[in-house]
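Student:
Protein chains: 2
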Amino acid sequence: MAVTIKDIAKQAGVSPATVSRVLSGQAAFYSEKTAKKVKKTAKKLGYQKNTAAVELVTRRSKVIAVIVSSTKTNFSDQIIDGIQQEAGEHDLNVIILYAGEKDPQMERKALETVIERSVMGILLVAVNLNSVNENLLVNANIPYQFLSITLKNRKLPFITSDDFQIGYQATKYLIDKGHSKIGFAAADLDSVTGQLRLDGYHQAMADNGLQLNSAWVCGGDFAYEDGVNAMKQYGREPEVTAVIASSDLAAIGVMNQAQDYGLKIPTDLAVMSVDGTKLCSIVRPQLTSVTQEFFEMGVRGMQQIISQPTKAAKSAFTPFKIIARQSV
Amino acid sequence: MAVTIKDIAKQAGVSPATVSRVLSGQAAFYSEKTAKKVKKTAKKLGYQKNTAAVELVTRRSKVIAVIVSSTKTNFSDQIIDGIQQEAGEHDLNVIILYAGEKDPQMERKALETVIERSVMGILLVAVNLNSVNENLLVNANIPYQFLSITLKNRKLPFITSDDFQIGYQATKYLIDKGHSKIGFAAADLDSVTGQLRLDGYHQAMADNGLQLNSAWVCGGDFAYEDGVNAMKQYGREPEVTAVIASSDLAAIGVMNQAQDYGLKIPTDLAVMSVDGTKLCSIVRPQLTSVTQEFFEMGVRGMQQIISQPTKAAKSAFTPFKIIARQSV
DNA sequence: TAGTAAAACACAAACGTTTGTGATGTTGAT
DNA sequence: ATCAACATCACAAACGTTTGTGTTTTACTA
Chain A
0 MAVTIKDIAK
10 QAGVSPATVS
20 RVLSGQAAFY
30 SEKTAKKVKK
40 TAKKLGYQKN
50 TAAVELVTRR
60 SKVIAVIVSS
70 TKTNFSDQII
80 DGIQQEAGEH
90 DLNVIILYAG
100 EKDPQMERKA
110 LETVIERSVM
120 GILLVAVNLN
130 SVNENLLVNA
140 NIPYQFLSIT
150 LKNRKLPFIT
160 SDDFQIGYQA
170 TKYLIDKGHS
180 KIGFAAADLD
190 SVTGQLRLDG
200 YHQAMADNGL
210 QLNSAWVCGG
220 DFAYEDGVNA
230 MKQYGREPEV
240 TAVIASSDLA
250 AIGVMNQAQD
260 YGLKIPTDLA
270 VMSVDGTKLC
280 SIVRPQLTSV
290 TQEFFEMGVR
300 GMQQIISQPT
310 KAAKSAFTPF
320 KIIARQSV
Chain B
0 MAVTIKDIAK
10 QAGVSPATVS
20 RVLSGQAAFY
30 SEKTAKKVKK
40 TAKKLGYQKN
50 TAAVELVTRR
60 SKVIAVIVSS
70 TKTNFSDQII
80 DGIQQEAGEH
90 DLNVIILYAG
100 EKDPQMERKA
110 LETVIERSVM
120 GILLVAVNLN
130 SVNENLLVNA
140 NIPYQFLSIT
150 LKNRKLPFIT
160 SDDFQIGYQA
170 TKYLIDKGHS
180 KIGFAAADLD
190 SVTGQLRLDG
200 YHQAMADNGL
210 QLNSAWVCGG
220 DFAYEDGVNA
230 MKQYGREPEV
240 TAVIASSDLA
250 AIGVMNQAQD
260 YGLKIPTDLA
270 VMSVDGTKLC
280 SIVRPQLTSV
290 TQEFFEMGVR
300 GMQQIISQPT
310 KAAKSAFTPF
320 KIIARQSV
């Protein structure tokens, strides 16, 4: 069986209490001499602390749980990088759990595993909980923060981009480039995120006195296939001269299908994507995109968690910008 | 403070022992009547089990840790999916930790966090430990398995594709298509994986009586940029008529740079990638690839962990196949 | 009805740490 | 030499479970 602080205590001829204090660096409780002795025998015996015991008595843990929906978009890496960086600076450990795709069962399981362990904080990226799971989370009394999603329940704290503005600015950008028949593709219109972007799109069209056409908006789930399907709906000789796809992958789907139809991008059709991950500069033509600050989302999310419970978690927007590449 | 089994015991008028046995479903230790009563009050009080306490006394945990190097290739999702599926069937929880890119510091931290918690098993995907960390892992007395990597130390159990064969078969495929001047790009030549693929490439060339040219092999780190750089080295009028890139992203780098040089793919240059992730069918032209069975890697890795300590972990190869698309 | 076996439950120790408090030893001033 | 003040350490309780074993209740047999 594993070596405990009692073993160290016995070997070093001190009490377990002293060993504990030395190992956790509580200064002013021991002499340098015993500290050295303790540390040496600890190393010699190959001591590994038992976190279960620690957490049992201290009732807190140094791990941050990130629950991500294994969405088919691919920005979560950046968010996690941000989380990791911020966590590293505070000596926190990050664990990541996949919660499937809109799978309440898996979401529940993920939530339970982290709540049982009473982690220090829970970050949920791009996951939308049903009310049962939402209760589970809220009642757990653990700081939490939603990331990269706009929630119906405005009382829940989330950090994301301003989806209305994304829709608005993307549309305006295309209008400024001379387009007036603009498609809106692949967003999940049942989600608040998708709905807000659509609102922004509508508003921008209206503000510029442009006609709307319901055939120009194609819902979906932000996936590659949704982009393909949208383009199929627009057809070989599309009425629209530009389309806004709600994710990079979806935009690629639009482009590929358009090219299969023999359309040239951006001359025959301009394509604009939302997200701005590395994919945009890897595909040809490179995708002009609404680029979100995912890394910062992660950082800010962590900061919110850390500052609790002093300050309550707040919702916030992270900035975004439009980066021109080749596709419009 | 949180509600414990003692609270439930008091409310239900039974002993904590009984509550424990009811809640963990140890049949034949209680009557149906009390079971019902206990479960009801547990739910009423909103009981959440304290995993720290459980693990402290049982000395085992139901979590599988997956340590992934946040490599810039992108196959780990598939591996994790496989792990998750297999874990789900055995009521195990999986947590994922990022260990940076060849960052011994982060690797150590990740290892320590999971060892301290004495997880049930450790899966390492695409991470290569230095000897210090290797010792840490081995001495922890926790089942472990390396995935998607070939190790120098053959005593460590790893599950991956046969890298020699990947190199050999990819080369042979191109030779069969009529190519005789073949580039080998973006593999990490300091890694066993890269070296084996290179050996396979050499062997296939030799077996077919073809000349080698050291200028045709360009090392790297499996990244997009390495593909770009390799192509830059081959130049505007490359001697090679085909190139094998050691990852999908690298292959895309090769293709993009080749196209920037005005080369047509596959007519002027054939490109073949290794991995076969979804990226292959998303880029244009679609990438012909050596497709690995990453999902199965995850599944098999989990199975190895689960079957321990009955059976010792063994190394094994997962199959791969060549999928023809458009790039050769 | 008495006796007994089985079923249902309770007691208490144990897991490995942290931490409040009390005990001992040391130092220096008077 | 005395004593306060402080530094150094040990004691022991507590965290919330699980589980081996002992105790009570129930049910059944004769």
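Heads up: the protein sequence lines correspond to chains A and B, in order. With numbering that gives the first Met the number 0, letter number 100 in the first sequence gets 99, and the count goes up by one each step, no holes. With numbering that gives the first Met the number 0, letter number 150 in the second sequence gets 149, and the count goes up by one each step, no holes. Backbone N, C-alpha and C define an ideal beta-carbon position, used for all residues, glycine too. Only a predicted model underlies this, so the values are computations on that prediction, with no experimental measurement involved.
Please name the residue or residues paired with V137(A) in a DSSP beta bridge.
Tutor: Position 138 of the first sequence, counting from 1, holds the residue named residue 137(A). Beta-bridge pairing links V137(A) to no other residue.
Student: Using a Cβ-Cβ distance cut-off of 8 Å, determine whether Q83(B) contacts chain A.
Tutor: Here the question's residue 83(B) lines up with position 84 in the second sequence. Judged by the 8 Å Cβ criterion, Q83(B) is in contact with chain A.
Student: List, in chain order, every chain A residue whose beta-carbon is nearer than 7 Å to that of R235(B).
Tutor: As a first step, residue 235(B) is located in the second sequence; it is residue number 236 there, counting from the start. Simply none; closest approach about 18 Å.
Student: Mind checking if V132(B) is an interface residue toward chain A, Cβ cutoff 8 Å exclusive?
Tutor: Against the second sequence, residue 132(B) aligns to sequence position 133. For the sequence presented, residue 132(B) should be read as Asn rather than Val. No, no contact with chain A.
Student: Check whether the Cβ atoms of A249(B) and Y233(B) sit closer than 8 Å, and answer yes or no.
Tutor: The residue given as residue 249(B) occupies position 250 in the second sequence. The residue given as residue 233(B) occupies position 234 in the second sequence. Not in contact: A249(B) and Y233(B) (Cβ atoms no closer than 8 Å).
Student: Once the 5 residues before and after I246(A) are set aside, which same chain residues still bring their CB inside 7 Å of it?
Tutor: On the first sequence, residue 246(A) is found 247 positions in, with the first residue counted as 1. Inspection of the sequence shows that residue 246(A) is occupied by Ser rather than by Ile. Once the five neighbours on either side are set aside, the close Cβ partners of S246(A) are T72, A185, F221, S272, V273, D274.
Student: Please report the residue range of the alpha helix (DSSP H) in which Y97(A) lies.
Tutor: Within the first sequence, residue 97(A) is the residue found at index 98, counting from 1. Unbroken run through Y97(A) is the beta strand (DSSP E), 92-97; no alpha helix (DSSP H).
Student: Per DSSP, what kind of secondary structure is S272(A) in: helix, strand or coil?
Tutor: Counting from one through the first sequence, the residue named residue 272(A) turns up at place 273. Looking at S272(A) - three-state DSSP - the assignment turns out to be strand.
Student: If you compare alpha carbons, which of A139(A), E106(A), N140(A) is closest to N127(A)?
Tutor: Locating residue 127(A) in the first sequence gives position 128, counting from the first residue. Cα-wise, what sits closest to N127(A) is E106(A).
Student: Where do the N-terminal and C-terminal ends of the alpha helix (DSSP H) with T112(B) fall, by residue?
Tutor: Within the second sequence, numbered from 1, the residue matching residue 112(B) stands at position 113. From DSSP, the alpha helix (DSSP H) with T112(B) extends over 103-115.
Student: Would you identify the three-state DSSP class for I321(A), choosing helix, strand or coil?
Tutor: Residue numbering aside, residue 321(A) sits at position 322 when the first sequence is read from its first letter. Reduced to three states, the DSSP call for I321(A) is strand.
Student: In this structure, what does DSSP give as the bridge partners for P290(B)?
Tutor: Here the question's residue 290(B) lines up with position 291 in the second sequence. A small fix is needed here, since residue 290(B) is Thr in this sequence, not Pro. D274(B), K320(B).
Student: Would you report the Cα separation of R116(B) and K61(A), rounded to the nearest angstrom?
Tutor: If you number the second sequence from 1, residue 116(B) lands on position 117. If you number the first sequence from 1, residue 61(A) lands on position 62. Cα to Cα, the separation comes out at about 12 Å.
Student: Applying a beta-carbon distance threshold of less than 7 Å, which residues of chain A neighbour E54(B)?
Tutor: Reading the second sequence from its first residue, position 55 is the one you call residue 54(B). Within 7 Å Cβ-Cβ: A51.
Student: Which of helix, strand or coil does DSSP assign to T149(A)?
Tutor: Within the first sequence, the letter at position 150 stands for residue 149(A). Three-state result, T149(A): coil.
Student: Could you tell me which of S179(A), K108(A), D225(A) sits nearest to L268(A), measuring between CA atoms?
Tutor: Here the question's residue 268(A) lines up with position 269 in the first sequence. When each option's Cα is compared against that of L268(A), the closest is S179(A).
Student: Please give the ranges of any alpha helix (DSSP H) in the stretch 142-199 of chain A, keeping only runs that are unbroken, at least 4 residues long and fully inside the region.
Tutor: Complete alpha helix (DSSP H) runs here, min 4: 162-175.
Student: Taking any Cβ of chain B, which residues in the stretch 269-302 of chain A have a Cβ under 7 Å from it, in chain order?
Tutor: Those would be I281, V282, R283, in chain order.
Student: Starting from I251(B), trace the beta strand (DSSP E) both ways and give me its first and last residue.
Tutor: Translated into positions along the second sequence, residue 251(B) becomes position 252. Element bounds for I251(B): not the beta strand (DSSP E) but the alpha helix (DSSP H), 247-259.
Student: Looking at C-beta atoms only, is the number of pairs between the stretch 291-311 of chain B and the stretch 166-180 of chain B that lie closer than 8 Å three or more?
Tutor: As far as the Cβ criterion goes, the stretch 291-311 of chain B does not touch the stretch 166-180 of chain B, which means the pair count is below three.
Student: Kindly indicate if chain A contains any beta-carbon less than 8 Å away from that of Y223(B).
Tutor: Along the second sequence, one-based indexing puts residue 223(B) at 224. Judged by the 8 Å Cβ criterion, Y223(B) is in contact with chain A.
Student: So, with DSSP's three-state summary, where would you put V227(B)?
Tutor: Against the second sequence, residue 227(B) aligns to sequence position 228. If DSSP states are grouped into helix, strand and coil, V227(B) belongs with the helices.
Student: Touch check for the stretch 80-98 of chain A and the stretch 86-94 of chain B: three-plus C-beta pairs under 8 Å?
Tutor: These segments touch.
Student: Measuring only the C-alpha atoms, how far is G219(B) from V270(B)?
Tutor: The sequence position of residue 219(B) within the second sequence is 220, counting from 1. The sequence position of residue 270(B) within the second sequence is 271, counting from 1. Taking the straight line from one Cα to the other gives about 17 Å.
Student: Thinking C-beta only, is K231(B) closer than 8 Å to Q256(B)?
Tutor: In the second sequence, residue 256(B) corresponds to position 257, counting from 1. In the second sequence, residue 231(B) corresponds to position 232, counting from 1. The answer is yes: Cβ separation under 8 Å.
Student: State buried or exposed for G12(B), treating a residue as buried only when at least 16 other CB atoms are found within 10 Å of its CB.
Tutor: Walking along the second sequence from the start, residue 12(B) turns up at place 13. Exposed, by the Cβ-count rule.
Student: Across the stretch 76-91 of chain B and the stretch 300-307 of chain B, are there enough close Cβ pairs to call them in contact, namely three or more that are closer than 8 Å?
Tutor: These segments touch.
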